[in-house]
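Contents: one structure, followed by commentary.
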Amino acid sequence: MKQVFETVKIATRRPGLYPFTHEARNFLTKSALGEGLLTCFIRHTSASLLIQENADPDVLSDLERFMRRLVSRDEGLYRHTAEGPDDMPSHIRAALTQSSLSIPFHAARLALGTWQGLYVFEHRDAPHMREVLLHAIGD
Amino acid sequence: MKQVFETVKIATRRPGLYPFTHEARNFLTKSALGEGLLTCFIRHTSASLLIQENADPDVLSDLERFMRRLVSRDEGLYRHTAEGPDDMPSHIRAALTQSSLSIPFHAARLALGTWQGLYVFEHRDAPHMREVLLHAIGD
Amino acid sequence: MKQVFETVKIATRRPGLYPFTHEARNFLTKSALGEGLLTCFIRHTSASLLIQENADPDVLSDLERFMRRLVSRDEGLYRHTAEGPDDMPSHIRAALTQSSLSIPFHAARLALGTWQGLYVFEHRDAPHMREVLLHAIGD
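Dropping the structure here:
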């Protein structure tokens, strides 16, 4: 049984989903592990992680638009406004999605379904460099 | 330290919650592991996983009705409509719930609370066969 | 490779977020593990877990107010009302947040970002004693 760690940096430009499935697969290949558990962990509270459809990009933009409608930017609703009108909605959007993803792997392949991709979900307006920690444990 | 994998198939008929606590407990028993971590992972993006109350079935139907109200089926809101009016809402409902569940086990028992059950949350209208991968690591 | 378990009890007074980062760090220190994976698991369905900003307390109260607005207490919407008007909304709020958190650790430190804290999210009105099971696996 062995463990491997790697930090992946994902540059975001605006709110929306940024894929990192490729980086996770590369990490597993380099680890030389055959079976085990991959954990992806984002070190931020105004961006989050999500597994979503990897085929039609409209799914990703529809999801972004839904979240923007669900979590209003009306500053009258919030006390935490010092960091801009997109900051408190970002914390809420992160709370409604995930900080970590757990994905088993087997025969050196992530157990993702055909249509599943891994994404960083950026919630802030300004570009950010987001850190995702990858951790694998297994044989 | 040892690992065990199993794929469980859950047949769904319509939107709502389908229990698989029993299957997870059987898997642990067969694994002969005493303590460790169980990961449940669903290989789809229009169904998800959830821990919910296992006592009153009204909780499950109230949750289904809440999600249907929260995530509108109004197709005017979405671009991804080719797979039917229930498809994009399904992806959103999956994003707001979980793709994986992590549950420690001890003395060969899942650490679930008395009222906690494991569920597949189906979001599509048509019946589906859903694959949940179970992974246990431990001693 | 080694495993450690501990149950932490968090006393809540009303709906809102209650930190347990300190308890998780103490647990890791006592475990004497250097690198691995920490899983936090809450044994309830009307309280949940969340990683949120640890700096401005307004973020926590804004998040609580948002959830109260998102998940109406209007009893006309629910069938599960026998346990009070706050019970079914609590189950829904738990479904929209997390039952478990997975956080890698390295060099005997949790990989939390600077602004990330661990919280129990209480959804019921009355005070409760909430059980969070901590599990670490690693070297």
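Protein chains in written order, with our numbering: chain B, 58 to 196; chain E, 58 to 196; chain W, 58 to 196.
Ideal Cβ placement from N, Cα and C applies to all residues, glycine included.
It should be emphasised that the depicted structure is a prediction, and the values quoted were computed from it without experimental measurement.
Please list, in chain order, the residues of the region 64 to 94 of chain B that have any C-beta partner in chain E closer than 9 Å.
Taking 9 Å as the Cβ-Cβ cut-off against chain E, the residues of the region 64 to 94 of chain B that qualify are Glu92, Gly93 and Leu94.
Which residues, taken in chain order from the region 130 to 160 of chain E, show a beta carbon closer than 7 Å to some beta carbon of chain B?
For the region 130 to 160 of chain E, the residues whose beta carbon sits under 7 Å from a beta carbon of chain B are, in order, Tyr135, Arg136, His137, Met145, His148, Ile149, Ala152, Leu153, Ser156, Ser157 and Ser159.
Neighbourhood of His185(E) by C-beta distance below 6 Å, restricted to the same chain and skipping five residues each side
As a working mapping, residue 185(E) is identified with position 128 in the second sequence. Result list for His185(E): Thr69, in chain order.
What separation, rounded to the nearest whole angstrom, lies between the Cα atoms of Leu94(W) and Glu80(E)?
Against the third sequence, residue 94(W) aligns to sequence position 37. Against the second sequence, residue 80(E) aligns to sequence position 23. Leu94(W) and Glu80(E) have their alpha carbons spaced roughly 25 Å apart.
Chain E beta carbons: is any one of them nearer than 8 Å to that of Ile100(W)?
The residue labelled residue 100(W) in the question sits at position 43 within the third sequence. Correcting the residue type first, residue 100(W) is Arg in the shown sequence and not Ile. It does: the Cβ of Arg100(W) has a partner Cβ on chain E nearer than 8 Å.
Please list, in chain order, the chain B residues whose beta carbon lies closer than 8 Å to that of Leu169(W).
To locate residue 169(W), count along the third sequence from 1; it is residue 112. Near Leu169(W) (Cβ distances below 8 Å), the residues of chain B are Arg100.
Please tell me whether Gln155(E) and Thr102(W) are closer than 8 Å, where the distance is taken between their beta carbons.
Here the question's residue 155(E) lines up with position 98 in the second sequence. Here the question's residue 102(W) lines up with position 45 in the third sequence. Cβ distance not < 8 Å, so Gln155(E) and Thr102(W) don't count as in contact.
Determine whether the Cβ of Leu106(W) lies closer than 8 Å to any Cβ atom of chain E.
On the third sequence, position 49 is the one that residue 106(W) refers to. Not an interface residue.
Tell me, please, whether the CB atom of Glu188(W) is closer than 8 Å to any CB atom in chain B?
Taking the first residue of the third sequence as position 1, residue 188(W) is located at position 131. By this cut-off, Glu188(W) is not an interface position.
List, in order along the chain, the chain E residues whose C-beta lies closer than 7 Å to that of Leu120(B)?
For this step, residue 120(B) is matched to residue 63 along the first sequence. Per Cβ cutoff of 7 Å: His148, Ile149 and Ala152.
Does DSSP put Phe162(E) in a helix, in a strand, or in coil?
In the second sequence, residue 162(E) corresponds to position 105, counting from 1. Correct three-state label for Phe162(E): strand.
Which value, in whole angstroms, describes the spacing of the CA atoms of Gly195(W) and Leu167(W)?
Translated into the one-based positions of the third sequence, residue 195(W) becomes position 138. Translated into the one-based positions of the third sequence, residue 167(W) becomes position 110. In this structure, the CA atom of Gly195(W) is about 12 Å from the CA atom of Leu167(W).
Taking 8 Å as the CB-CB limit, is Gln60(E) close to chain W?
As a working note, residue 60(E) is residue 3 in the second sequence. No, its Cβ sits nowhere closer than 8 Å to a Cβ of chain W.
Cutoff 8 Å; reference Ala104(W); Cβ partners in own chain excluding five residues on either side:
In the third sequence, counting from the first residue as 1, residue 104(W) sits at position 47. Excluding positions up to five away in sequence, the list reads Thr69, Ser147, Ala151, Val177, Phe178, Glu179, His180, Arg181, His185 and Arg187.
Along the beta strand (DSSP E) that carries Ala193(E), what are the first and last residues, could you check?
Taking the first residue of the second sequence as 1, we reach residue 193(E) at position 136. DSSP places Ala193(E) inside the beta strand (DSSP E), whose first and last residues are His185 to Gly195.
In whole angstroms, what is the alpha-carbon distance linking Glu63(W) and Phe98(E)?
Within the third sequence, numbered from 1, the residue matching residue 63(W) stands at position 6. Within the second sequence, numbered from 1, the residue matching residue 98(E) stands at position 41. So the two alpha carbons sit approximately 25 Å from each other.
Check this for me: beta carbons of Glu121(E) and Leu74(E), under 8 Å apart or not?
What you label residue 121(E) is simply residue 64 of the second sequence in a count that begins at 1. What you label residue 74(E) is simply residue 17 of the second sequence in a count that begins at 1. A distance below 8 Å separates the beta carbons of Glu121(E) and Leu74(E).
Interface positions of the region 175 to 187 of chain B facing chain E (Cβ-Cβ less than 9 Å), listed along the chain
Under the 9 Å Cβ criterion, the region 175 to 187 of chain B contributes Phe178.
Here's the rule: buried if 16 or more other CB atoms are within 10 angstroms of the residue's CB, otherwise exposed. What is Pro142(W)?
Counting from one through the third sequence, the residue named residue 142(W) turns up at place 85. By the neighbour-count rule (16 or more Cβ atoms within 10 Å), Pro142(W) is not buried but exposed.
State the Cα-Cα distance for the pair Asp119(E) and Ala139(W), rounded to the nearest angstrom.
Translated into positions along the second sequence, residue 119(E) becomes position 62. Translated into positions along the third sequence, residue 139(W) becomes position 82. One C-alpha to the other measures close to 13 Å.
Cα-Cα separation between Asp113(E) and His137(W), rounded to whole angstroms
Along the second sequence, one-based indexing puts residue 113(E) at 56. Along the third sequence, one-based indexing puts residue 137(W) at 80. Rounded to whole angstroms, Asp113(E) to His137(W) spans 8 Å at the Cα level.
Is the CB of Val128(W) under 8 Å away from at least one CB in chain B?
The residue given as residue 128(W) occupies position 71 in the third sequence. Under the 8 Å criterion on CB atoms, Val128(W) is classed as non-interfacial with respect to chain B.
Mind listing, in chain order, the continuous alpha helix (DSSP H) runs of no fewer than 4 residues lying wholly within the region 74 to 102 of chain E?
DSSP runs (the alpha helix (DSSP H)) wholly in the region 74 to 102 of chain E: 78 to 88.
Provide the residue span of the beta strand (DSSP E) that contains Leu169(B), from first to last.
Position 112 of the first sequence holds residue 169(B). Per DSSP, Leu169(B) is not a residue of any beta strand (DSSP E), being assigned neither H nor E.
Along chain W, in chain order, which residues have C-beta atoms closer than 7 Å to that of His198(E)?
With chain E running from 58 to 196 in the structure shown, residue 198(E) is simply not present.
For Ala162(E), tell me which candidate among Phe84(E), Pro72(E), Ile149(E) and Val128(E) has the shortest Cα-Cα distance.
Locating residue 162(E) in the second sequence gives position 105, where the first residue counts as 1. For clarity, residue 162(E) is Phe in the given sequence; the question names Ala instead. Relative to Phe162(E), the option among Phe84(E), Pro72(E), Ile149(E) and Val128(E) whose CA is nearest is Phe84(E).
Of the listed residues Val65(W), Lys59(W) and Leu190(W), nearest to Gly91(W) (C-alpha basis)
As a first step, residue 91(W) is located in the third sequence; it is residue number 34 there, counting from the start. The candidate whose alpha carbon is nearest that of Gly91(W) is Lys59(W).
When the distance is taken between beta carbons, is Ile149(E) closer than 8 Å to Phe123(B)?
Counting from one through the first sequence, the residue named residue 123(B) turns up at place 66. Counting from one through the second sequence, the residue named residue 149(E) turns up at place 92. Phe123(B) is a Cβ neighbour of Ile149(E), given a cutoff of 8 Å.
From Leu117(B), Ala164(B), Arg82(B) and Val65(B), pick the residue whose C-alpha is nearest to that of Pro72(B); which is it?
The residue you call residue 72(B) lines up with position 15 of the first sequence. Selected option, being the one with the closest Cα: Leu117(B).
Helix or strand or just coil, what does DSSP make of Ala112(W)?
Within the third sequence, residue 112(W) is the residue found at index 55, counting from 1. The answer is coil: DSSP assigns Ala112(W) none of H, G, I, E or B.
For Glu132(E), three-class secondary structure by DSSP
Here residue 132(E) is taken as the residue at index 75 of the second sequence, counted from 1. Correct three-state label for Glu132(E): helix.
So which of Leu153(W), Thr78(W), Lys87(W) and Thr96(W) has the shortest CA-CA distance to Gln109(E)?
Residue numbering aside, residue 109(E) sits at position 52 when the second sequence is read from its first letter. Closest option to Gln109(E), Cα to Cα, is Leu153(W).
Are there 16 or more other CB atoms within 10 angstroms of the CB of Ala193(W), so buried, or fewer, so exposed?
By one-based count along the third sequence, residue 193(W) stands at place 136. Looking at its Cβ environment, which holds 16 or more other Cβ atoms inside 10 Å, Ala193(W) is buried.
Please say whether Leu191(W) and Leu158(W) have beta carbons closer to each other than 8 Å?
If you number the third sequence from 1, residue 158(W) lands on position 101. If you number the third sequence from 1, residue 191(W) lands on position 134. Going by C-beta atoms, Leu158(W) is not nearer than 8 Å to Leu191(W).
Taking C-beta to C-beta, are Phe77(B) and Leu169(B) nearer than 8 Å?
Counted from its first residue, the first sequence places residue 77(B) at position 20. Counted from its first residue, the first sequence places residue 169(B) at position 112. The Cβ-Cβ distance between Phe77(B) and Leu169(B) does not fall below 8 Å.
I'd like to know whether the C-beta of Ser103(W) is nearer than 8 Å to at least one C-beta of chain D.
Given the protein chain composition of this structure (B, E and W), no chain D is represented.
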